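*Asks:* In our numbering, the protein residues as written are 58 to 437.
Glycine included, each C-beta is placed from N, C-alpha and C at the ideal position.
Given the structure is predicted, the values throughout are model-derived calculations rather than measurements.
Handing you a structure now.
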Ligand SMILES: [Zn+2]
């Protein structure tokens, strides 16, 4: 009776995928979600979209603690999955949802870079797919070894701080919509802290410097490092036959996150990526892109912002002065449709921004980027 109820609950929580999963997987989902405080685990953490034949983008719905998207490449006999989100329960949710699309086993898991929201779910694959290889660039493996534990600790501290903020805001909320928002933020943040408190970062098994090609019968998959950008180790996964690119945070549908970035080198790296013949882009955050135009826009923004911050800093202006002066309206690269696009994408796919106006979120993000570039200008 108890088992039956639990099974019904999981089927509801994880959707149709739960019943399509193997018994081994079902047991894994059960255990993982129990550890992750399952009652607050949302239904449909991802929106799984077919991008090309055998290639899917799993787009993270605005999760409370940020989760990256995943890209799924369906090989002849198995799957390659790109990125592992911020927590093992997100991997459990992804694989359960994936079982509505394919029952092939996971054989390869690629981590595009070392950031916590792209790598902290990796442990789930150790249990769920013990034979799967965890793959990254050499630089990313070193960065996880060096910073993985510290970044997890930082994310837990930030979450605890955010939790205090949400509680205060809940006290001041004056609409049912605001109340529901802050209640959701509190429940999700608490679940994240509970789940991740004792997590140990996983190190990749297989690393490469510049290129690794999987010659699968279904298609070739090119894993490529093309220079420093978002971090010193970002890789992409490119399928030439289907013209699809999984780009992590080197290229996505929000404004870039530049705290560990190389602002002078990033646009050049994107130019290299641009020489690959793709039309579909599954980035680390926000919607799938079905054209190549965002690559130039994203690179153009990084280039313009870097020039302005560098010129301002060299002429003796303060960070605060630059943050006041460099607004979205002052940037040619954000004029027109592109600025509106990224603003609305951040509101739609970032839970923290969901009560805000796109223009305000855009302005805040530019301010944050000005500071990040300021700090990273002389990075060698
Ligand atoms: Zn990210």
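Just how far apart, CA to CA, sit residue 44 and residue 194?
*Replies:* Lying outside 58 to 437, the shown extent of the chain, residue 44 is not represented and no answer is given.
*Asks:* Evaluate residue 187 with the Cβ neighbour count: other Cβ atoms within 10 Å of its Cβ, from every protein chain shown; 16 or more gives buried, anything less gives exposed.
*Replies:* Counted from its first residue, the chain shown places residue 187 at position 130. So residue 187 ends up on the exposed side.
*Asks:* Pick from 203, 109, 268 and 277: whose alpha carbon is nearest that of residue 257?
*Replies:* On the chain shown, residue 257 is found 200 positions in, with the first residue counted as 1. Considering only alpha carbons, the answer is 203.
*Asks:* Confirm the yes/no value for this check: CB of residue 296, any heavy atom of ligand 1, distance under 6 Å.
*Replies:* Here the question's residue 296 lines up with position 239 in the chain shown. No, Cβ of residue 296 sits at least 6 Å from all heavy atoms of ligand 1.
*Asks:* For residue 209, collect the residues of the same chain with a Cβ closer than 7 Å to its Cβ; drop the 5 residues on either side in sequence, then sort them by chain order.
*Replies:* Along the chain shown, one-based indexing puts residue 209 at 152. Excluding sequence neighbours, residue 209 sits near 173, 177, 253, 256 and 258.
*Asks:* Along the chain, which unbroken stretches of the alpha helix (DSSP H) at least 4 residues long are found entirely within the stretch 387-413?
*Replies:* Taking only runs of at least 4 residues, the alpha helix (DSSP H) segments lying wholly in the stretch 387-413 are 394-406.
*Asks:* So residue 190 is in the beta strand (DSSP E); what residue range does that whole segment cover?
*Replies:* To locate residue 190, count along the chain shown from 1; it is residue 133. First-last of the beta strand (DSSP E) with residue 190: 190-194.
*Asks:* Would you tell me roughly how many angstroms separate the C-alpha atoms of residue 264 and residue 386, rounded to the nearest one?
*Replies:* Here residue 264 is taken as the residue at index 207 of the chain shown, counted from 1. Here residue 386 is taken as the residue at index 329 of the chain shown, counted from 1. Their Cα atoms are separated by approximately 42 Å.
*Asks:* For residue 415, collect the residues of the same chain with a Cβ closer than 8 Å to its Cβ; drop the 5 residues on either side in sequence, then sort them by chain order.
*Replies:* Numbered from its first residue, the chain shown carries residue 415 at position 358. Excluding sequence neighbours, residue 415 sits near 397, 400, 401, 403 and 404.
*Asks:* If we count the other Cβ atoms within 10 Å of its Cβ and call it buried at 16 or more, is residue 221 buried or exposed?
*Replies:* Position 164 of the chain shown, counting from 1, holds the residue named residue 221. Answer is exposed; the Cβ neighbour count stays below 16.
*Asks:* Using a Cβ-based criterion (distance less than 6 Å to any ligand heavy atom), does residue 306 qualify as near ligand 1?
*Replies:* Position 249 of the chain shown, counted from the start, is the residue given in the question as residue 306. True, at least one ligand heavy atom lies under 6 Å from that Cβ.
*Asks:* From what residue to what residue does the alpha helix (DSSP H) around residue 367 run?
*Replies:* Within the chain shown, numbered from 1, the residue matching residue 367 stands at position 310. Looking at the DSSP string, the run of the alpha helix (DSSP H) that includes residue 367 is 350-371.
*Asks:* Return yes when at least one heavy atom of ligand 1 lies under 6 Å from the C-beta of residue 341, else no.
*Replies:* Working through the chain shown from its first residue, we reach residue 341 at position 284. Yes, ligand 1 has a heavy atom inside 6 Å of this Cβ.
*Asks:* Does the Cβ of residue 60 have 16 or more other Cβ atoms within 10 Å, making it buried, or fewer, making it exposed?
*Replies:* Within the chain shown, numbered from 1, the residue matching residue 60 stands at position 3. Residue confidence is low: residue 60 scores 43 on pLDDT, short of 50, so the model does not pin down where it sits. Its coordinate-derived value is still stated next. With fewer than 16 other Cβ atoms within 10 Å, it is exposed.
*Asks:* Specify the secondary structure class of residue 60 as computed by DSSP and reduced to three states.
*Replies:* For the purposes of this step, residue 60 is taken as residue 3 along the chain shown, with counting starting at 1. Legend: pLDDT at residue 60 = 43, less than 50; position of this residue unreliable, value from coordinates given subsequently. If DSSP states are grouped into helix, strand and coil, residue 60 belongs with the helices.
*Asks:* Note down the Cα distance separating residue 302 from residue 429, rounded to an integer number of angstroms.
*Replies:* By one-based count along the chain shown, residue 302 stands at place 245. By one-based count along the chain shown, residue 429 stands at place 372. The straight-line gap from Cα to Cα measures roughly 27 Å.
*Asks:* Cβ of residue 172 within 6 Å of any heavy atom in ligand 1?
*Replies:* For this step, residue 172 is matched to residue 115 along the chain shown. Yes; taking the cut-off as 6 Å, the Cβ of residue 172 has a heavy atom of ligand 1 nearer than that.
*Asks:* Hey, how far is the Cα of residue 87 from the Cα of residue 124?
*Replies:* Locating residue 87 in the chain shown gives position 30, where the first residue counts as 1. Locating residue 124 in the chain shown gives position 67, where the first residue counts as 1. Residue 87 and residue 124: Cα-Cα distance of roughly 21 Å.
*Asks:* For residue 286, which residues of its own chain have a beta-carbon under 8 Å away from its beta-carbon, when the five flanking residues on both sides are left out?
*Replies:* Taking the chain shown and counting its residues from 1, the one referred to as residue 286 is at position 229. Counting only Cβ-Cβ distances below 8 Å, and skipping sequence neighbours, we find 307, 318, 319, 322, 323, 326 and 327.
*Asks:* Please report the straight-line C-alpha distance between residue 294 and residue 417, rounded to a whole angstrom.
*Replies:* On the chain shown, position 237 is the one that residue 294 refers to. On the chain shown, position 360 is the one that residue 417 refers to. Roughly 33 Å separates the two Cα atoms.
*Asks:* Report the CB separation of residue 126 from residue 114 in whole angstroms; it is logged as a contact under 8 Å.
*Replies:* Looking up residue 126 in the chain shown gives position 69. Looking up residue 114 in the chain shown gives position 57. Contact flag correct, Cβ pair sits at about 6 Å.
*Asks:* I want to check one thing, is the minimum distance from the CB of residue 382 to the heavy atoms of ligand 2 below 6 Å?
*Replies:* Ligand 2 is not among the ligands present in this structure, which contains only ligand 1.
*Asks:* Could you tell me the alpha carbon to alpha carbon distance between residue 240 and residue 121, rounded to whole angstroms?
*Replies:* Position 183 of the chain shown, counting from 1, holds the residue named residue 240. Position 64 of the chain shown, counting from 1, holds the residue named residue 121. Distance between the alpha carbons of residue 240 and residue 121: 11 Å.
*Asks:* So residue 200 packs on residue 141, CB below 8 Å; how close in whole Å?
*Replies:* The residue given as residue 200 occupies position 143 in the chain shown. The residue given as residue 141 occupies position 84 in the chain shown. Rounded, the Cβ-Cβ distance is 15 Å, inconsistent with contact.
*Asks:* Could you give the first and the last residue of the continuous alpha helix (DSSP H) run that contains residue 239?
*Replies:* Locating residue 239 in the chain shown gives position 182, counting from the first residue. Counting along the chain, the alpha helix (DSSP H) containing residue 239 begins and ends at 233-253.
*Asks:* Measuring CB atoms only, is the stretch 372-389 touching the stretch 343-354, in the sense that at least three cross pairs come out at less than 8 Å?
*Replies:* At 8 Å Cβ cutoff, the stretches do not touch.
*Asks:* Is residue 148 closer than 7 Å to residue 167 when the C-beta atoms are compared?
*Replies:* Walking along the chain shown from the start, residue 167 turns up at place 110. Walking along the chain shown from the start, residue 148 turns up at place 91. For residue 167 and residue 148, no; Cβs fall outside 7 Å.
*Asks:* Would you tell me roughly how many angstroms separate the C-alpha atoms of residue 359 and residue 150, rounded to the nearest one?
*Replies:* Locating residue 359 in the chain shown gives position 302, where the first residue counts as 1. Locating residue 150 in the chain shown gives position 93, where the first residue counts as 1. Cα to Cα, the separation comes out at about 34 Å.
*Asks:* Would DSSP call residue 228 helix, strand or coil?
*Replies:* Here residue 228 is taken as the residue at index 171 of the chain shown, counted from 1. Helix at residue 228.
*Asks:* Roughly how many whole angstroms lie between the Cα atoms of residue 109 and residue 381?
*Replies:* Working through the chain shown from its first residue, we reach residue 109 at position 52. Working through the chain shown from its first residue, we reach residue 381 at position 324. When rounded, the distance between both Cα atoms is 43 Å.
*Asks:* Applying the 10 Å Cβ sphere with the 16-neighbour rule, what's the burial state of residue 437?
*Replies:* Position 380 of the chain shown, counted from the start, is the residue given in the question as residue 437. So residue 437 counts as exposed.
*Asks:* Can you give me the Cβ contacts of residue 378 inside the same chain, cut-off strictly under 8 Å, excluding the 5 residues immediately before and after it?
*Replies:* Taking the first residue of the chain shown as 1, we reach residue 378 at position 321. So the list reads 369, once near-sequence residues are dropped.
*Asks:* Enumerated in chain order, which unbroken segments of the beta strand (DSSP E) with a length of 3 residues or greater are wholly contained in the stretch 301-325?
*Replies:* Here the runs fully enclosed are 301-305.
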